[in-house]
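A short write-up of the structure that comes next.
Protein chains: 2
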Amino acid sequence: MRVLFNEEMQQIADDLDTMAVDVKTSIDGAGKALLENDIDAAQSVIDGDLKIDALEASVIDECVKMLAKQSPVATDLRTVVSTLRIASTFERMGDLARHIAETARRAYPNSAITPSMRDVFTDMQKFDSEATSEIIDILKTRDEQKAEQLIVNDARLDNMHTKTFDIINADSWDGDRQQTIDAVLIARFYERIGDHAVGVARRIVYMVSGFDPSKDPTPVLTSGIDE
Amino acid sequence: MRVLFNEEMQQIADDLDTMAVDVKTSIDGAGKALLENDIDAAQSVIDGDLKIDALEASVIDECVKMLAKQSPVATDLRTVVSTLRIASTFERMGDLARHIAETARRAYPNSAITPSMRDVFTDMQKFDSEATSEIIDILKTRDEQKAEQLIVNDARLDNMHTKTFDIINADSWDGDRQQTIDAVLIARFYERIGDHAVGVARRIVYMVSGFDPSKDPTPVLTSGIDE
Chain A
0 MRVLFNEEMQ
10 QIADDLDTMA
20 VDVKTSIDGA
30 GKALLENDID
40 AAQSVIDGDL
50 KIDALEASVI
60 DECVKMLAKQ
70 SPVATDLRTV
80 VSTLRIASTF
90 ERMGDLARHI
100 AETARRAYPN
110 SAITPSMRDV
120 FTDMQKFDSE
130 ATSEIIDILK
140 TRDEQKAEQL
150 IVNDARLDNM
160 HTKTFDIINA
170 DSWDGDRQQT
180 IDAVLIARFY
190 ERIGDHAVGV
200 ARRIVYMVSG
210 FDPSKDPTPV
220 LTSGIDE
Chain B
0 MRVLFNEEMQ
10 QIADDLDTMA
20 VDVKTSIDGA
30 GKALLENDID
40 AAQSVIDGDL
50 KIDALEASVI
60 DECVKMLAKQ
70 SPVATDLRTV
80 VSTLRIASTF
90 ERMGDLARHI
100 AETARRAYPN
110 SAITPSMRDV
120 FTDMQKFDSE
130 ATSEIIDILK
140 TRDEQKAEQL
150 IVNDARLDNM
160 HTKTFDIINA
170 DSWDGDRQQT
180 IDAVLIARFY
190 ERIGDHAVGV
200 ARRIVYMVSG
210 FDPSKDPTPV
220 LTSGIDE
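Which chain is which? The protein sequence lines are A and B, in order.
Residue numbering for the first sequence follows numbering that gives the first Met the number 0, beginning at 0 and increasing consecutively.
Residue numbering for the second sequence follows numbering that gives the first Met the number 0, beginning at 0 and increasing consecutively.
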C-alpha cells in the first residue's frame with residue numbers, strides 16, 4: 000500500500016512540475032508576443048492554454064482520488080491540499096499569460112505597447128519569468144528560504160506596477176485611447192502573474208512547514224495575495 | 000463518529016455561508032462607495048476584508064482537519080474539496096470589492112467615475128450583487144439548475160465589460176488620464192467578481208453532481224473561468 004501511495008504522490012508531484020514548466024513557457028511566449036511582436040508566439044500561448052487547463056483538471060482528479068483511497072495525514076495531507084490550490088493558481092497564471100498574448104495578437108501587425116512602456120514591461124516580464132523559474136526550482140527542492148525570498152521580492156513588482164501608472168499619467172504619454180487601455184490591463188496581468196507566483200511560494204512554505212506565511216503579522220510577509 | 004462528522008460538515012457549510020454573505024456585503028458596500036461616493040462605505044469594505052481573509056483561513060483549517068480525522072469519501076469528499084476552492088474564490092471576490100472601494104476612497108471627495116460610465120457600472124454592480132445573492136441561495140438549496148442559469152448569464156457581464164471599452168474609445172469620452180485608468184480597472188474588477196461567482200456556481204454543480212461543467216464541450220458552458 001505504501002509503495003502505491005508513494006507512486007501516486009510522485010505522479011501528482013510530477014504533474015504539478017509539468018504544469019509549472021508549461022506556465023513558464025506560456026509566460027515567456029507572452030513576452031515574445033508582446034515585446035517582439037511575434038504573432039506565432041502569441042498563437043502558441045493561446046493554443047497551449049488548453050493543455051494547462053487539462054493538466055489542472057487532471058491534477059485535481061488525482062488529488063481527489065488520492066484523498067479518497069489513501070486518506071493521507073500530516074505532511075502528505077498538507078501536500079495534497081496545497082497541490083490542489085497550487086494547480087488552480089497555475090491555471091490562472093496561464094490565463095493571464097494568454098490575456099497578454101491575446102492583446103499582442105489583437106494589435107498585430109502593430110505593437111500593443113508604446114515605446115514609453117517598453118522598459119517597464121520588459122522588467123515586469125523578466126520578473127514574472129524569473130519568479131516562475133524559481134517556483135519550478137522550489138517545487139523540486141522544497142527550499143523554504145528561497146520561497147521566502149520570492150515573497151519578499153514581491154514589493155519590487157508592486158513598484159514596477161506603480162511606475163506604469165506614472166508613465167500613463169505623465170505629460171509625455173503618447174498612447175492613444177486603446178493603447179492606454181492595453182497598458183493598464185497588461186500592467187495588471189503582469190502584476191497578477193507575479194502575485195500568483197508569490198502565492199504559490201507561500202503555499203510551498205505551508206506545505207513544507209505547516210506554517211502559512213500569509214498569516215504572519217510581520218510587515219515583510221503581510222502583503223496580501225491579491226484578487 | 001457519524002454525528003461528529005455531520006456536525007463538522009455542518010460547521011464548514013455554515014462558515015462558507017457566512018463568507019458568502021460577507022462577500023455580498025462587501026460588494027454592495029463597494030457599489031455604494033463608487034456610485035454614491037460614500038467614503039464610510041468604502042472604509043467598511045476595506046476594514047471588512049480582513050474578516051473575509053480570516054474566515055477563509057478558518058474554513059481551510061476546518062477542511063484539512065476534516066480530511067485528516069474523518070477521511071470523507073464520495074459526495075462528502077467532493078464537498079470538502081469544493082469548499083476549499085470556493086473559500087479561496089470568495090476571498091478573491093472580497094479583494095476585488097476592496098479594490099473598488101479603495102479606488103473610490105482615493106478619488107474622494109471627487110467621484111472616481113465619469114458621468115458617462117455611471118450606467119454601465121451601475122449595471123455591472125447590479126449583476127455582481129445579484130449573482131452573489133444567487134450563490135448564497137444555491138449554497139443552501141444546492142439547486143443545480145439555478146447554478147447552471149448563472150453560468151449561462153455570464154455572457155451578459157462580458158457584454159457590459161466590452162461596453163466599457165466602447166465608452167472609453169468613443170469620441171465623446173471625457174475622462175482625464177486617471178479616470179481612464181480607473182475606468183479600465185474598475186471594469187476589470189467587476190468582470191472578475193462576476194466570473195468568480197460563475198466559477199463558484201460551477202463548483203457547486205460539481206459538488207452536487209460530480210460533473211464539472213467547466214469541462215463541458217457544449218458552447219454554452221465553455222466560457223472559461225478567467226484569470
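We put the beta carbon where it would ideally sit given N, CA and C, even for glycine.
Of all C-beta pairs linking the stretch 83-90 of chain A to the stretch 174-185 of chain A, fewer than three are shorter than 8 Å, placing the two stretches out of contact. The stretch 189-197 of chain A and the stretch 58-66 of chain A do not touch, with fewer than three beta-carbon pairs separated by less than 8 Å. Put simply, the stretch 145-153 of chain B does not touch the stretch 68-86 of chain B. Fewer than three CB pairs are less than 8 Å apart. Residue-level contact check: V63(A) touches chain B, since one or more beta carbons of chain B fall below 7 Å from its beta carbon.
At a beta-carbon threshold of 8 Å, the residues of chain A lying near A67(B) are V72, A73 and L76, ordered along the chain. Among the CB atoms of chain A, one or more fall inside 7 Å of the CB of T179(B). DSSP places G198(B) inside the alpha helix (DSSP H), whose first and last residues are R176 to S208. Contacts between F164(A) and chain B, judged by CB atoms closer than 7 Å, involve I180 in chain order. About 6 Å separates the CB atoms of S115(B) and I166(B); that is less than 8 Å, so the two are in contact. In the structure shown, E35(A) falls within a coil segment according to DSSP collapsed to helix, strand and coil. The beta-carbon separation of V58(B) and L15(B), rounded to 6 Å, stays under the 8 Å limit for a contact. V44(A) and A19(A) have their C-alpha atoms spaced approximately 14 Å apart. For S87(B), the residues of chain A that pass the 8 Å Cβ criterion are R84 and S87, in the order they occur in the chain.
For V20(A), no Cβ of chain B is located within less than 7 Å of the residue's own Cβ. By the beta-carbon neighbour count (other beta carbons within 10 angstroms, threshold 16), S25(A) is buried. If you check each beta-carbon in the stretch 187-204 of chain B against every beta-carbon of chain A, the ones closer than 7 Å belong to R187 and R191. A direct Cα-to-Cα measurement between A12(B) and Q42(A) gives close to 42 Å.
Distances from the alpha-carbon of I203(A) to those of R91(A), I135(A), V119(A) and D175(A) put I135(A) closest. By the neighbour-count criterion, in which a residue is buried when 16 or more other Cβ atoms sit within 10 angstroms of its Cβ, Q124(B) is buried. In the structure shown, D142(B) adopts coil according to DSSP, grouped into three states. T113(A) is the residue among E55(A), T113(A) and I51(A) whose C-alpha sits nearest the C-alpha of N36(A). Under a criterion of Cβ atoms nearer than 8 Å, the residues of chain A adjacent to R176(B) are, in order, I167, N168, W172 and T179.
Listed along chain B, no residue sits closer than 8 Å to V58(A) by beta-carbon distance, the nearest being about 12 Å off. Note on D173(B): under 16 other CB atoms within 10 angstroms of its CB, so exposed under the neighbour-count rule.
Ranking V79(B), A196(B) and Q177(B) by CA distance to the CA of Q10(B) puts V79(B) first. If you draw a 10 Å sphere on the C-beta of E133(A), you find 16 or more other C-beta atoms in it, and that means buried. For the set D52(B), R155(B), G93(B) and N5(B), the Cα lying nearest the Cα of A29(B) is the one of G93(B). In the three-state scheme derived from DSSP, where H, G and I count as helix and E and B as strand, A111(A) is classed as coil. Boundaries of the alpha helix (DSSP H) harbouring V79(B): A73 to A106, taken from the DSSP string.
Put simply, of R1(A), F120(A), R91(A) and P108(A) the residue whose alpha carbon is nearest the alpha carbon of L54(A) is R91(A). Of T131(B), L76(B), Q69(B) and F120(B), the smallest CA-CA separation from T163(B) is found for F120(B).
Taking a C-beta distance under 7 Å as the contact criterion, E143(A) and V207(A) qualify as a contact pair.
Under a 10 Å Cβ-count criterion, G209(B) is classified as exposed, with fewer than 16 other Cβ atoms of the shown protein chains found around its own Cβ. The residue from L49(A), D75(A), A32(A) and D21(A) with its alpha-carbon nearest to that of E6(A) is D75(A). Counting only the Cα atoms, R176(B) lies some 6 Å from N168(A).
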